[in-house]
Amino acid sequence: MTRGLRNNNPLNIRRGKSRWEGRTRVQTDAEFVTFTTMAYGYRAAWKLMETYRLRLMQEGKSYTLENIIHRWAPPEDYNDTTAYIRTVIRLLDYKVAGRQPLPAPTCKEGHKIFAKILAAMTCVECGIKMDEVDRESIEEGWKLAFGKV
Numbered sequence: 003m004t005r006g007l008r009n010n011n012p013l014n015i016r017r018g019k020s021r022w023e024g025r026t027r028v029q030t031d032a033e034f035v036t037f038t039t040m041a042y043g044y045r046a047a048w049k050l051m052e053t054y055r056l057r058l059m060q061e062g063k064s065y066t067l068e069n070i071i072h073r074w075a076p077p078e079d080y081n082d083t084t085a086y087i088r089t090v091i092r093l094l095d096y097k098v099a100g101r102q103p104l105p106a107p108t109c110k111e112g113h114k115i116f117a118k119i120l121a122a123m124t125c126v127e128c129g130i131k132m133d134e135v136d137r138e139s140i141e142e143g144w145k146l147a148f149g150k151v
């Protein structure tokens with residue numbers, strides 16, 4: 003089992019100052035947050051997607067897949083960000099250009115798009131296939147983050 007799955011943290015959110023809702027009382031991983039359930043790991047990912055949207059707007063940048071992944075997996079952290087973007091786009095079952103502006107993850111249209119984006123990012127982060135992604139936990143994470151669809 004990969005680290006992200008073992009930690010119920012499918013997008014490998016690093017430990018930091020945030021005291022995430024649903025994190026385990028005892029953090030067993032020195033680098034990455036451990037959550038009580040996969041749904042709470044996805045809740046944190048949904049919240050970060052909305053935070054990124056707000057920060058990109060403040061910076062005068064577009065809320066695009068390319069800008070999101072540059073922030074999520076920056077090249078200065080030794081990531082192959084370009085390959086990450088290409089892989090996520092390839093895994094999506096519809097066409098999303100890396101520079102196409104995206105709706106907010108909190109709205110109905112954004113929810114549909116980002117559920118697929120988070121599934122594709124899980125594949126990259128955890129080395130699994132799209133049909134192995136726990137989509138029920140993605141949906142539950144959205145409800146925990148923003149309420150009902």
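Heads up: the sequence shown begins at 3 in the numbering used here, then just goes up one per residue. Positions of the beta carbon are idealized from the N, C-alpha and C atoms, including for glycine. Quick caveat: nothing in here was measured; it's all calculated off a predicted structure.
Bridge partners of R25 according to DSSP: F37.
Collapsing the DSSP output to three states places T66 in a strand.
Three or more beta-carbon pairs separated by less than 8 angstroms link the stretch 9-27 to the stretch 127-144, which places the two stretches in contact. Within the DSSP secondary-structure output, R16 pairs in a beta bridge with F34. Collapsing the DSSP output to three states places P103 in a strand. Around the CB of V28, fewer than 16 other CB atoms lie within 10 Å, so the residue is classed as exposed. Cβ-Cβ separation between F148 and M51: approximately 10 angstroms, too far for a contact (criterion under 8 angstroms).
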